[in-house]
Amino acid sequence: MLGDKIREARKKASLSQAELAEKIGVKRSVVSKYENGIISPTYDMLSNIATALDTSVFYLVEDAYNDTSSSYLTMLKELSRLTGIDEFILAEANSRLDWKDHSYFDFSNPQNPLKDILEKSKEVQQELTNFTLETMGCLLNQLNDNGVNEALNRVKELTELPKYQRKNEEK
Numbered sequence: 613m614l615g616d617k618i619r620e621a622r623k624k625a626s627l628s629q630a631e632l633a634e635k636i637g638v639k640r641s642v643v644s645k646y647e648n649g650i651i652s653p654t655y656d657m658l659s660n661i662a663t664a665l666d667t668s669v670f671y672l673v674e675d676a677y678n679d680t681s682s683s684y685l686t687m688l689k690e691l692s693r694l695t696g697i698d699e700f701i702l703a704e705a706n707s708r709l710d711w712k713d714h715s716y717f718d719f720s721n722p723q724n725p726l727k728d729i730l731e732k733s734k735e736v737q738q739e740l741t742n743f744t745l746e747t748m749g750c751l752l753n754q755l756n757d758n759g760v761n762e763a764l765n766r767v768k769e770l771t772e773l774p775k776y777q778r779k780n781e782e783k
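To get the working numbering, take the position in the sequence shown, counting from 1, and add 612.
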């Protein structure tokens, strides 16, 4: 489990939770929540943790991918849970990579594709964001001034509803 691996690496590095928290810029309670599996760090935070503990992201997450009975969809879900990246984005990123020498999500391979998938997922996310913004712009152009103001008010209302808000990393 991810939390166990973080705890193991932290102890191996001879750091307390408070010391690790200071190195990665969060409260000690957040490190505790990571280690106890209450919350999962984003990929960027996981990268910070790995750097602070002088290890790799792959070392921290490898157990999630060593179960050969896991299906592709199960692995997508787990990677999504660990990174906070939408499964659709990860699947699209994975499909854009050329895996000649190993199968999809073969994390036992020394040429671990995790970093490649995550880098490609940033590209896919940016494309999706650009497409969404272009679509919104086209739709807004069809409205008169009153319609644009009404659309902006409705979007503002949506941003105030927790159900529609992005989850931010706890600090």
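For each residue, glycine too, the CB sits at the ideal point set by N, CA and C.
If we ignore side chains and look at the alpha-carbon of each, how far apart do residue 656 and residue 747 end up?
29 Å
Could you check how far apart the C-beta atoms of residue 764 and residue 673 are, in whole angstroms? I think they sit under 8 Å.
The Cβ separation is near 40 Å, so there is no contact.
Backbone CA spacing between residue 649 and residue 768 [nearest angstrom]
33 Å
Contact belief for residue 701 with residue 736 at Cβ below 8 Å, rounded distance in angstroms
5 Å
Pick from 634, 651, 636: whose alpha carbon is nearest that of residue 616?
651
Are residue 689 and residue 699 touching if we call contact CB-CB under 8 Å?
yes
Three-way DSSP call (helix, strand, coil) for residue 778 in this model:
coil
Does the Cβ of residue 626 have 16 or more other Cβ atoms within 10 Å, making it buried, or fewer, making it exposed?
exposed
Helix, strand or coil at residue 696 [DSSP, three-state]
coil
Using C-beta distances below 7 Å, list every residue in its chain close to residue 761, excluding the 5 sequence neighbours before and after it, in chain order.
none
On the CB-based measure, 16 or more other CB atoms within 10 Å of its CB, does residue 647 come out buried or exposed?
buried
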